[in-house]
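2 protein chains.
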Amino acid sequence: MDKISAFAPATVANVACGFDVLGFALDYPGDEVTLVRRNDNKIIIADISGDNNLLPKEVEKNTVSLVIMEYLKHLGISDLGLDIHLKKQMPLKSGMGSSAASSVVGVFALNEMLGHPLQTIELLPFVMKGEALACGVAHADNVAPALLGGFVLIRDHKSLDIIQLPTPDELWCTVIHPEIEVQTKDARSILRKRLAMQEAVAQSANLGGLISGLYTEDYDLIGRSLVDVIVEPQRSILIPGFQDVKKASLSSGALGCSISGSGPSIFALSKGRDIAQKTGEMMGKVFGNLDVGYQLFTSKVNKVGPKILDK
Amino acid sequence: MDKISAFAPATVANVACGFDVLGFALDYPGDEVTLVRRNDNKIIIADISGDNNLLPKEVEKNTVSLVIMEYLKHLGISDLGLDIHLKKQMPLKSGMGSSAASSVVGVFALNEMLGHPLQTIELLPFVMKGEALACGVAHADNVAPALLGGFVLIRDHKSLDIIQLPTPDELWCTVIHPEIEVQTKDARSILRKRLAMQEAVAQSANLGGLISGLYTEDYDLIGRSLVDVIVEPQRSILIPGFQDVKKASLSSGALGCSISGSGPSIFALSKGRDIAQKTGEMMGKVFGNLDVGYQLFTSKVNKVGPKILDK
Chain A
4 MDKISAFAPA TVANVACGFD VLGFALDYPG DEVTLVRRND NKIIIADISG
54 DNNLLPKEVE KNTVSLVIME YLKHLGISDL GLDIHLKKQM PLKSGMGSSA
104 ASSVVGVFAL NEMLGHPLQT IELLPFVMKG EALACGVAHA DNVAPALLGG
154 FVLIRDHKSL DIIQLPTPDE LWCTVIHPEI EVQTKDARSI LRKRLAMQEA
204 VAQSANLGGL ISGLYTEDYD LIGRSLVDVI VEPQRSILIP GFQDVKKASL
254 SSGALGCSIS GSGPSIFALS KGRDIAQKTG EMMGKVFGNL DVGYQLFTSK
304 VNKVGPKILD K
Chain B
4 MDKISAFAPA TVANVACGFD VLGFALDYPG DEVTLVRRND NKIIIADISG
54 DNNLLPKEVE KNTVSLVIME YLKHLGISDL GLDIHLKKQM PLKSGMGSSA
104 ASSVVGVFAL NEMLGHPLQT IELLPFVMKG EALACGVAHA DNVAPALLGG
154 FVLIRDHKSL DIIQLPTPDE LWCTVIHPEI EVQTKDARSI LRKRLAMQEA
204 VAQSANLGGL ISGLYTEDYD LIGRSLVDVI VEPQRSILIP GFQDVKKASL
254 SSGALGCSIS GSGPSIFALS KGRDIAQKTG EMMGKVFGNL DVGYQLFTSK
304 VNKVGPKILD K
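Keeping their order, the protein sequence lines are chains A and B. With the first letter of the first sequence counted as 1, position 164 gets the number 167 in our numbering; the numbers rise by one all the way through. With the first letter of the second sequence counted as 1, position 23 gets the number 26 in our numbering; the numbers rise by one all the way through.
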């Protein structure tokens with residue numbers, strides 16, 4: 004196989020009550036990559052579209068190529084050359100797991116091209132290195148769902164103990180990305196380092212409720228559990244209009260609404276496409292009234308992770 | 004029906020990673036009550052055995068009778084008289100949910116005697132009042148599993164949002180009660196009021212892992228998740244020999260081991276009876292070597308909650 008194209012999904016991390024430990028994947032949007040074999044042994048970023056020229060083309064600094072090189076090093080392959088064509092199809096620095104999708108998409112495509120020398124889950128350590136490069140810190144709550152699909156719990160970051168959770172069939176997600184910039188580092192530094200025991204207890208109870216709701220397809224329980232008493236109250240001040248967007252989503256029938264990753268995107272989960280779309284319209288109106296531009300995405304929760312588009 | 008007897012189980016609250024939000028019930032030990040109708044409308048504690056004369060016999064101060072009176076008041080019944088005979092069959096102030104079992108057993112028996120005017124779950128608010136009387140604070144993490152059986156998550160204490168979790172068939176529990184006294188109030192006051200965000204994140208990830216393991220009957224995951232990074236390190240200093248008991252249980256093959264409720268009892272969960280019994284022997288040896296008397300209980304996790312013994 005000399006050419007292959009693949010897609011890797013956007014992801015929502017934190018999911019209200021699962022700060023740093025929970026994420027899920029979307030069917031749409033996501034990144035696309037096409038890998039074309041070269042006759043030499045060079046790995047080259049041939050072109051990147053959709054990034055407003057923000058992403059580096061140096062192979063050591065680009066997440067797609069870095070992950071691919073780590074993977075090839077692990078397999079002891081030094082004679083493979085690739086032209087990498089990357090199509091970014093989601094906003095960068097949006098809290099939608101853009102760097103995670105890029106970290107996943109290239110190595111997923113290459114592993115298919117080479118006939119699956121590794122299982123998909125075995126790609127995670129390499130993908131984590133891409134995330135560390137892009138974000139300065141390697142959290143798995145975007146990359147694990149981007150790689151595996153569905154809801155993923157990171158039980159332990161050090162040992163990469165990754166638990167795939169079930170995804171109820173009618174669960175839809177609305178993500179709205181307001182065109183303002185929140186640096187992940189700022190979103191982290193604003194957080195209190197310490198919290199009250201009662202806050203931790205309430206948060207963990209909601210995480211437990213959410214996970215239980217996913218297993219039992221109890222949409223009401225999922226909704227009651229989508230509560231973030233710790234991070235959202237602190238980070239939401241970085242997002243103008245957040246409270247109104249949240250109110251609009253809940254009054255549209257969404258199960259819950261919170262910040263996607265470190266923001267500024269805001270996600271809502273709904274039962275069914277109709278409510279998810281209505282939710283998106285109402286969220287959009289709020290930003291429209293504030294004269295804040297936005298991009299809106301409505302998608303089922305993705306159960307399969309990345310996929311091969313063309314060989 | 005003029006006479007009825009019932010049993011309500013001991014419970015393990017907190018369960019390592021579920022401080023204040025998780026508990027489960029045991030098949031053994033537990034409390035027994037016999038209610039006998041009187042010809043007048045008096046509620047009387049006729050006798051209590053097994054409590055070393057520690058429990059009050061005044062009906063306003065005894066959890067069994069208080070809960071019964073709250074239940075009767077709710078139903079608008081004022082002409083019912085009862086002699087209450089209570090057999091305590093587990094150590095008091097042990098961290099095994101003794102007060103919860105007493106709160107549950109009487110009202111459960113009476114609700115049966117009266118032909119189920121309320122569903123079992125509807126007894127919870129009354130039972131909570133008994134727990135508040137006994138412990139000064141109404142937590143549901145003992146009373147809810149004592150009433151409902153199995154593992155129970157308290158998603159929200161205020162609204163009593165109670166989630167019944169599945170219990171894997173081969174899950175056995177060993178509880179050892181060292182004959183030392185730890186006041187619940189002391190066990191609470193020793194706890195730091197604030198904690199690091201990282202501790203809260205790790206704890207909630209383990210709770211998520213444990214709940215996932217219960218749904219998928221993944222005993223290894225249950226074991227990996229039975230980790231308490233917050234409360235156990237603080238409270239275990241109140242229990243001489245705790246670290247050695249824990250080591251002994253884990254080296255016997257237990258999945259995990261931590262403090263039962265606020266202690267001083269220590270619980271271990273194991274896959275299968277054999278490991279649970281071996282675990283108990285090894286835990287007992289540690290306390291034996293320390294010249295600390297102990298009581299040992301080995302039981303399946305109770306899936307059904309209280310039960311009627313005799314009508």
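Virtual Cβ for every residue (Gly too), placed ideally from N, Cα, C. If you're wondering where the values come from, they're calculated on a predicted model, not measured in any experiment.
Are any of the Cβ atoms in chain B nearer than 9 Å to that of residue i?
{"i": "G325 (chain A)", "result": "Any answer about residue 325 (chain A) is impossible in this case: the structure gives chain A only from 4 up to 314."}
{"i": "I233 (chain A)", "result": "yes"}
{"i": "R238 (chain A)", "result": "no"}
Output, in chain order, the set of chain B residues within a Cβ distance shorter than 8 Å of residue i.
{"i": "R197 (chain A)", "result": "R197, L198, A199 and M200"}
Is there a Cβ of chain A sitting closer than 9 Å to that of residue i, yes or no?
{"i": "G212 (chain B)", "result": "yes"}
{"i": "Y218 (chain B)", "result": "yes"}
{"i": "S215 (chain B)", "result": "yes"}
{"i": "A203 (chain B)", "result": "yes"}
{"i": "N209 (chain B)", "result": "yes"}
Just to make sure I have the definition right: I need the residues of chain B whose C-beta is within less than 7 Å of the C-beta of residue i. Which are they?
{"i": "R191 (chain A)", "result": "Correct list: empty, because the minimum Cβ distance to chain B is about 10 Å."}
With H, G and I counted as helix, E and B as strand and the rest as coil, what does DSSP make of residue i?
{"i": "E254 (chain B)", "result": "In the sequence as presented, Glu is not what sits at residue 254 (chain B); that position holds Ser. The answer is helix: DSSP assigns S254 (chain B) an H, G or I state."}
{"i": "A16 (chain A)", "result": "strand"}
{"i": "H119 (chain B)", "result": "coil"}
{"i": "A104 (chain A)", "result": "helix"}
{"i": "S239 (chain A)", "result": "helix"}
{"i": "H77 (chain B)", "result": "helix"}
{"i": "E61 (chain A)", "result": "coil"}
{"i": "V39 (chain B)", "result": "strand"}
{"i": "R158 (chain A)", "result": "strand"}
{"i": "A141 (chain B)", "result": "coil"}
{"i": "I71 (chain A)", "result": "helix"}
{"i": "Q167 (chain B)", "result": "strand"}
{"i": "V304 (chain B)", "result": "strand"}
{"i": "K188 (chain B)", "result": "helix"}
{"i": "D294 (chain B)", "result": "coil"}
{"i": "G84 (chain A)", "result": "strand"}
Output, in chain order, the set of chain B residues within a Cβ distance shorter than 9 Å of residue i.
{"i": "S268 (chain A)", "result": "Under the 9 Å cutoff, chain B gives no residues; its nearest Cβ is about 21 Å from S268 (chain A)."}
Kindly list, in the order they appear in chain A, the residues whose Cβ is closer than 8 Å to that of residue i.
{"i": "R227 (chain B)", "result": "R158, D159 and D164"}
Using a cut-off of 9 Å between C-beta atoms, extract the partners of residue i located in chain A.
{"i": "L224 (chain B)", "result": "R158, D164 and I166"}
Going along chain A in order, which residues have a C-beta closer than 7 Å to the C-beta of residue i?
{"i": "Q206 (chain B)", "result": "A203 and S207"}
Residues from the segment 291-311 of chain A in contact with chain B, defined by Cβ distance under 7 Å
Within the segment 291-311 of chain A, no residue places its CB atom closer than 7 Å to a CB of chain B.
Between the segment 72-85 of chain B and the segment 38-53 of chain B, do three or more beta carbon pairs fall short of 8 Å?
Verdict: yes, contact present.
Assess contact between the segment 134-141 of chain B and the segment 175-188 of chain A, defined as three or more Cβ pairs (one per stretch) separated by less than 8 Å. Is contact present?
no
Residues of the segment 13-27 of chain B with Cβ closer than 9 Å to any Cβ of chain A, in chain order
C20, G21, F22, D23, V24 and L25
Inter-stretch contact (C-beta, 8 Å, three-pair minimum) for the segment 153-170 of chain B and the segment 33-40 of chain B:
no
What are the residues in the segment 161-194 of chain A lying within 8 Å of chain B by C-beta distance?
Going along the segment 161-194 of chain A in chain order, one finds D164, I166, L168 and L194 with a Cβ nearer than 8 Å to chain B.
Output needed in chain order: residues of the segment 145-158 of chain A with a Cβ under 7 Å from some Cβ in chain B.
L156, I157 and R158
Contact between the segment 119-134 of chain A and the segment 58-74 of chain A is defined here as three or more beta-carbon pairs at a separation below 8 Å; is this criterion met?
yes
Between the segment 304-311 of chain A and the segment 8-18 of chain A, can you find at least three pairs of beta-carbon atoms closer than 8 Å?
yes
Could you tell me whether the segment 19-27 of chain B touches the segment 201-213 of chain A, using the rule of 3 or more Cβ pairs below 8 Å?
yes
Stretch pair the segment 96-110 of chain B + the segment 289-301 of chain A: three plus CB contacts closer than 8 Å
The segment 96-110 of chain B is not in contact with the segment 289-301 of chain A.
Indicate whether the contact test is met: 3 or more Cβ pairs, each with one atom in the segment 142-157 of chain B and one in the segment 165-179 of chain B, closer than 8 Å.
With a cut-off of 8 Å, the segment 165-179 of chain B and the segment 142-157 of chain B count as touching, because enough Cβ pairs lie within range.
Three or more beta-carbon pairs under 8 Å between the segment 264-272 of chain B and the segment 172-182 of chain B, yes or no?
Flag = yes, the segment 264-272 of chain B and the segment 172-182 of chain B touch.
Do the segment 187-203 of chain A and the segment 235-247 of chain B meet, that is, are 3 or more Cβ pairs less than 8 Å apart?
no
Does the count of Cβ pairs from the segment 107-122 of chain A and the segment 277-294 of chain A closer than 8 Å reach three?
By the Cβ test, the segment 107-122 of chain A is not in contact with the segment 277-294 of chain A, since fewer than three Cβ pairs between them sit closer than 8 Å.
Determine contact between the segment 216-229 of chain A and the segment 255-263 of chain A, defined as no fewer than three beta-carbon pairs at a distance below 8 Å.
yes
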